[in-house]
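Let me begin by presenting the structure, written as structure tokens, before commenting on it.
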Amino acid sequence: ARSPYTFGKALDLPTGAPREWLYVDFDKALPLIDRNATPLTRNRENDRRVKEEVLAGYAQLDLRGELAGMVVRGDAGVRVARTRTIATGAVVVGGVAQSVTFGRSYTDWLPSANLVFELAPRLQLRASANRNITRPTLTSLTPGGQVQVNTRTVSVGNPDLEPFRADSVDLALEFYPSRDGFFAVGPFYKRIDSFITNRTTEQAYAASGYPIAFLGNQQVARPEDIFFFTQPVNGPGTSLKGVEVIAQQAFTFLPGVLRHLGAIANYTYTSSDTDYALTATTSVRKPLVGLSKHSANATLYYETPVYGGRASINYRDRYLTAVPGANGNDIAGVNAATYVDASLFWNVTPRFTVTLEGVNLTNQAEDQFVDSSDRVSSYARSGRQLLAGIRWRM
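Now the structure itself:
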């Protein structure tokens, strides 16, 4: 069909430039197509379903009293959580997808305590201790995958994964020189029972919980034969320790318009090495994935009831994303980066506000690397973002 539109009508195009073209008239073409010629088929290999139910309850006691002449306040309590999961997935055996279902449940007691010791009118010590959990992702709990009877290999998820369990202790010495200022330094320690990592293990097929029927007539492999299972497992735990320094001050003591200035800054040092399993018998010790040893940020702001703005700088040290890395590399990670952001606001009326925000103003690149020799894996700049907005309060 000929396009009903003309192109470049008001552009003063040179003689001979195309102004019309042919296009497909879908209203006329679709009735001529046999839509059932290539019917859609269900790919059962990707079928998966995980249901997670959590029943929880807690008790808490608020505390206030005196100890050695100091006021002590805080709270203590415990949370009990019972988790039940039912995971269904498709396991491919001999090119045929077969459904399997696993179920399990576990109960966690999670105590917590927070205390504040008022050492002086402007000085206090804050202490807290708690136990918490982070459940596995639903994807990792899916039992689906591949069973290769001939090679005695199984690549599946793991519906028996335990959650991350961690015990944390935090201290913070806080000083309030005025109602507009705050300084604090606080060490912290965390013990993590286990991390989820991919590993290949050896075990008898019968001990895996997968149906014996997957072995067929058992002429190639028997239930008591050793199979190699590649799946996410609960690896060894680790400890994490560090210290955080925070400073916040509104410069209300300055004269004139400068009294609306203020600054916020913090720095965190964290140290943690853990053992990553390479095989069933070997491991390597590296920093914890996703953890930077040094991180810091600072913000300078100027705010009045009518208008204001903020400029921030954020630094994060390099960190690992995978141990081992892909394609035979021992590690993979992201190099250090510094980001600069800024924002402005103007309250035109008590209900109407105009905002302007700039993100990554220096166009900081994301520099990903592989291998301990720091070879470039990806180097990308996403560009600056400028965002304008209006807000109306009812």
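Under the UniProt record's numbering, the first residue of the sequence shown is numbered 1, with each subsequent residue one higher. We put the beta carbon where it would ideally sit given N, CA and C, even for glycine.
Below 8 Å, how does it come out for the segment 200–217 and the segment 234–254: are there three or more Cβ pairs, yes or no?
No, because fewer than three Cβ pairs between the segment 200–217 and the segment 234–254 fall closer than 8 Å, the two stretches do not touch.
Give me, in chain order, the residues of the same chain whose beta-carbon lies closer than 6 Å to that of residue 236; leave out the 5 immediate sequence neighbours on both sides.
As a position in the sequence shown, residue 236 is number 236, starting the count at 1. Excluding sequence neighbours, residue 236 sits near 275.
Tell whether a beta-carbon distance below 8 Å holds between residue 90 and residue 99.
Here residue 90 refers to the residue found at position 90 when the sequence shown is read from its first residue. Here residue 99 refers to the residue found at position 99 when the sequence shown is read from its first residue. Yes, they are a contact pair.
Ends of the alpha helix (DSSP H) at residue 29?
Numbered from 1 along the sequence shown, position 29 holds the residue referred to as residue 29. That run of the alpha helix (DSSP H) goes 26–29.
Throw me the rounded Cβ distance for the residue 152 and residue 225 pair, which I believe falls under 8 Å.
Within the sequence shown, residue 152 is the residue found at index 152, counting from 1. Within the sequence shown, residue 225 is the residue found at index 225, counting from 1. That pair is a contact at about 6 Å.
Would you call residue 331 buried or exposed, if buried means 16 or more other Cβ atoms sit within 10 Å of its Cβ?
If you number the sequence shown from 1, residue 331 lands on position 331. By the 10 Å Cβ count, residue 331 comes out buried.
Between the alpha carbons of residue 158 and residue 105, how many angstroms are there, rounded?
The residue labelled residue 158 in the question sits at position 158 within the sequence shown. The residue labelled residue 105 in the question sits at position 105 within the sequence shown. Their Cα atoms are separated by approximately 14 Å.
Determine the burial state of residue 414: buried for a count of at least 16 other Cβ atoms within 10 Å of its Cβ, exposed for fewer.
There is simply no residue 414 to check, as the chain begins at 1 and stops at 394 in what is shown.
Buried or exposed for residue 124, please, with buried defined as at least 16 other CB atoms from any protein chain shown within 10 angstroms of its CB.
Within the sequence shown, the letter at position 124 stands for residue 124. Classification for residue 124: buried.
Determine the burial state of residue 231: buried for a count of at least 16 other Cβ atoms within 10 Å of its Cβ, exposed for fewer.
By one-based count along the sequence shown, residue 231 stands at place 231. Residue 231 should be labelled buried.
Below 8 Å on the Cβ atoms is my guess for residue 257 versus residue 138; work out the distance and round it to an integer in Å.
Stepping through the sequence shown from its first residue, residue 257 is reached at position 257. Stepping through the sequence shown from its first residue, residue 138 is reached at position 138. So it is not a contact: roughly 54 Å between Cβ atoms.
With three or more beta-carbon pairs closer than 8 Å as the criterion, would you say the segment 304–311 touches the segment 338–345?
Touching, yes, given that three or more Cβ pairs across the two stretches are closer than 8 Å.
Are the segment 138–150 and the segment 209–225 in contact at 8 Å, needing three or more beta carbon pairs?
Cβ pair count under 8 Å is three or more, so yes.
CA-CA distance, residue 216 and residue 107?
Position 216 of the sequence shown, counting from 1, holds the residue named residue 216. Position 107 of the sequence shown, counting from 1, holds the residue named residue 107. Looking at the two C-alpha atoms, the distance is approximately 37 Å.
Rounded to the nearest angstrom, what separates residue 82 and residue 76 at their Cα positions?
Along the sequence shown, read from residue 1 onward, the residue named residue 82 stands at position 82. Along the sequence shown, read from residue 1 onward, the residue named residue 76 stands at position 76. Their backbone Cα atoms lie some 20 Å apart in a straight line.
Could you give the residue range of the beta strand (DSSP E) that holds residue 251?
Position 251 of the sequence shown holds residue 251. From DSSP, residue 251 is part of no beta strand (DSSP E); its letter is neither H nor E.
Just to confirm my understanding: we take residue 285, look at its own chain, exclude 5 residues before and 5 after, and list those with CB closer than 6 Å. What are they?
Along the sequence shown, read from residue 1 onward, the residue named residue 285 stands at position 285. Taken in chain order, the residues that qualify are 273 and 275.
Which partner residues does residue 179 have in the DSSP bridge list?
Taking the sequence shown and counting its residues from 1, one reaches residue 179 at position 179. DSSP, once it has assigned bridges, lists no residue as partnering residue 179.
Mind reading off the beta-carbon distance from residue 184 to residue 173? Whole number of angstroms is fine, and I expect it under 8 Å.
For this step, residue 184 is matched to residue 184 along the sequence shown. For this step, residue 173 is matched to residue 173 along the sequence shown. That pair is a contact at about 7 Å.
Rounding to the nearest angstrom, what Cα-Cα distance links residue 383 and residue 360 in this structure?
For the purposes of this step, residue 383 is taken as residue 383 along the sequence shown, with counting starting at 1. For the purposes of this step, residue 360 is taken as residue 360 along the sequence shown, with counting starting at 1. Residue 383 and residue 360: Cα-Cα distance of roughly 7 Å.
Please classify residue 150: is it buried, with 16 or more other beta-carbons within 10 angstroms of its beta-carbon, or exposed?
Counted from its first residue, the sequence shown places residue 150 at position 150. Exposed is the call here.
Measure the Cβ-Cβ separation of residue 270 and residue 240 and say whether it is below 8 Å.
Within the sequence shown, numbered from 1, the residue matching residue 270 stands at position 270. Within the sequence shown, numbered from 1, the residue matching residue 240 stands at position 240. Taking 8 Å as the Cβ cut-off, residue 270 and residue 240 qualify as a contacting pair.
In this structure, what does DSSP give as the bridge partners for residue 294?
Counting from one through the sequence shown, the residue named residue 294 turns up at place 294. Answer is 269, bridged to residue 294.
In chain order, what residues of the same chain lie with their CB nearer than 8 Å to the CB of residue 72, ignoring the 5 residues before and after it?
Counting from one through the sequence shown, the residue named residue 72 turns up at place 72. Correct list, in chain order: 63, 64, 65, 66, 115, 116, 117 and 118.
Should residue 349 and residue 334 be called a contact, given that it needs their Cβ atoms to be closer than 8 Å?
Translated into the one-based positions of the sequence shown, residue 349 becomes position 349. Translated into the one-based positions of the sequence shown, residue 334 becomes position 334. Cβ atoms of residue 349 and residue 334: not closer than 8 Å.
Quick one: residues in its chain with C-beta nearer than 8 Å to the C-beta of residue 283, no 5 flanking neighbours on either side, listed in chain order?
Your numbering for residue 283 matches position 283 in the sequence shown. Hits under 8 Å: 236, 275, 276 and 277.
Verify whether the separation of the beta carbon atoms of residue 264 and residue 304 is less than 8 Å.
Locating residue 264 in the sequence shown gives position 264, where the first residue counts as 1. Locating residue 304 in the sequence shown gives position 304, where the first residue counts as 1. No, the pair does not count as a contact, with Cβ atoms beyond the cut-off.
What separation, rounded to the nearest whole angstrom, lies between the Cα atoms of residue 132 and residue 351?
In the sequence shown, the residue the question calls residue 132 occupies position 132. In the sequence shown, the residue the question calls residue 351 occupies position 351. Roughly 42 Å separates the two Cα atoms.
Ends of the beta strand (DSSP E) at residue 151?
Residue numbering aside, residue 151 sits at position 151 when the sequence shown is read from its first letter. Careful: residue 151 lies outside any beta strand (DSSP E) and carries neither H nor E.
Under 8 Å between the Cβ atoms of residue 281 and residue 233?
Taking the first residue of the sequence shown as 1, we reach residue 281 at position 281. Taking the first residue of the sequence shown as 1, we reach residue 233 at position 233. Cβ atoms of residue 281 and residue 233: not closer than 8 Å.
Please return the same chain residues whose Cβ sits closer than 7 Å to the Cβ of residue 392, not counting the five positions on each side in sequence.
Along the sequence shown, one-based indexing puts residue 392 at 392. Taken in chain order, the residues that qualify are 351 and 352.
By DSSP, does residue 210 sit in helix, in strand, or in coil?
Taking the first residue of the sequence shown as 1, we reach residue 210 at position 210. Reduced to three states, the DSSP call for residue 210 is coil.
By alpha-carbon positions, which one of 128, 356, 177 and 101 ends up nearest to residue 249?
Indexing the sequence shown from 1 puts residue 249 at position 249. When only C-alpha atoms are compared, the closest one is 177.
Under 7 Å Cβ to Cβ from residue 294, same chain only, skipping five residues before and after it: list those, please.
Position 294 of the sequence shown, counted from the first residue, corresponds to residue 294. Excluding positions up to five away in sequence, the list reads 269 and 317.
Round the Cβ separation of residue 161 and residue 238 to the nearest angstrom and send it over; I've been treating them as touching at under 8 Å.
Working through the sequence shown from its first residue, we reach residue 161 at position 161. Working through the sequence shown from its first residue, we reach residue 238 at position 238. About 17 Å separates the two Cβ atoms, so there is no contact after all.
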